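Each remark here refers to the structure printed beneath this line.
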Amino acid sequence: MQITGAEFVQAMKYLAAGICMGIGAIGPALGEGRIGASALEGMARQPEMANTLLRNMIIADAIAETTGIYSLIVAIMILFVV
Amino acid sequence: MSSEIGRDLVWRVPVGPWAIALNPLTLAAALGVALGLVLLGLWLRRGIPADPEAPPSRRLVLLTAFLEFVERQILGAMEEGIKRALLPFVATLFLFVLASNLAPLLPLPGLVAPTRDLNVTLGLALLVYALCHLYGIRVKGLWRHGKSYLEPLPVMLPMNLVGDLGRTLSHAFRLFGNILGGSIMLAVIFPVLVDLVLRFRWILGVLLLLVGALALRALARRGKARAFRVLGLLWLGALALFVVHIWVPLVWAAPAAFLVGTGAGVILNFFFGVFSGTIQALVFTLLAAAYIQMAVE
């Protein structure tokens, strides 16, 4: 089977999008895990602070998630825009 | 399928030498959501009793509960004056983003979440950015607000400017990426899940029959004869259905696909639509309030 240049580029795009998303998901996952663990520790120690902690946890999660969202957007751009 | 995800319908309107890209689906959905919220607001206002001494009506209680939720959970520990000024904007922002995220749950053809479009989320983020400056100038004065860009050192001015840009961009991209990613996951997982469940449905059947048999044994041991008889008949019926199902797959394929598709759709939509949409609306509004608070302090 002969592989044309366009097919090769398309295959590389799929590969690039997969690698981009896969590696990009590692950081936010580790970060959100740490945030969640610390928040749960804090809630277990001081249950009356649970509401405040939950709110701050969601904000911190959203910020930790940012790089993952960037890699998602880059992956989508590789797949559909470029 | 991939052709549906990447390319939305776009109108190109020529204006002089440029062309403006309009996304009619997004525009219609955003205007629809806004109109729905306006109508909801009018409906809620009609239910407020004119006499402040009168006992509160249901709609008034609903409205108060919502505003108190926004005030306590989103605005949190801000100053009283700025809180009062921000409450209408933040509550509206939360409702709009929430309704936009949840809009595709309505079974209308062509209805997409307006927040699935970067233009909408970027517009909202720019609105929040403009409000940051507005409240910063109003509370601290033009001089002190401008000086905050030179802190801690005047050398940090480019850093502060880039920080502003990155903050606004990430604010917009976060909502956009989450909603778009959710809708892609939904489109990818749904057919796969339905296919898997349909292909291995006999395993589900065997598991259900096994659980039923165990339950029947427990009933027999406790001596509940009547329940045992009724449930035993049901179990035999299920067994017969299962045998027919395995033997004549064609007869059962369509109803089974319908049931499985409905179940999978409900579960997936609940997670990627309701849960994720609500969390993201909350996050967007919380961050907007946090940015404005940072600009004010």
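The listed protein sequences correspond, in order, to chains H and B.
Per this note's numbering, the first sequence starts with residue 134, numbered consecutively.
Per this note's numbering, the second sequence starts with residue 13, numbered consecutively.
Heads up, the beta-carbon is just placed ideally off N, CA and C, and yes, glycines get one too.
Just so it is clear, the structure is predicted and the values come from calculations on it, not from any experiment.
Taking the CA atoms as reference points, Ala40(B) sits about 29 Å from Gly273(B). If only uninterrupted alpha helix (DSSP H) runs of at least 4 residues are considered, those enclosed by the stretch 199-235 of chain B are 213-233. The beta carbons of Gly189(B) and Ile202(H) sit closer together than 8 Å.
Contact check for His183(B) against Val218(B) fails: the beta carbons are separated by 8 Å or more.
In the DSSP secondary-structure assignment, Val27(B) is bridged to Trp30(B). With a threshold of 16 other beta carbon atoms within 10 Å, Pro100(B) falls short and is exposed. Membership of Ile136(H) in any alpha helix (DSSP H) is not indicated, and neither H nor E is assigned to it by DSSP. Residue environment analysis places Met168(B) among the exposed positions, since fewer than 16 neighbouring C-beta atoms fall within 10 angstroms of its C-beta. Rounded to whole angstroms, the separation of the alpha carbons of Arg234(B) and Leu54(B) is 60 Å. When Cβ pairs closer than 8 Å are counted between the two stretches, the stretch 202-214 of chain H is seen to touch the stretch 185-199 of chain B, the count reaching three or more. For Met306(B), the uninterrupted alpha helix (DSSP H) segment begins and ends at 288-308. Unbroken beta strand (DSSP E) runs of no fewer than 3 residues, entirely contained in the stretch 92-167 of chain B, are not found. When secondary structure is reduced to three states using DSSP, Pro67(B) falls in the coil class, being assigned neither helix nor strand.
As the crow flies, the alpha-carbon of Tyr147(B) is around 30 Å from that of Leu72(B). When Val45(B), Ala33(B), Ala269(B) are compared, the shortest CA-CA separation from Val204(B) is found for Ala269(B).
In terms of Cβ geometry, Thr104(B) and Asn113(B) do not form a close pair [threshold 8 Å]. Phe240(B) is a Cβ neighbour of Leu228(B), given a cutoff of 8 Å.
For Leu98(B) against Leu87(B), the beta-carbon gap comes to about 6 Å, under 8 Å, which counts as contact.
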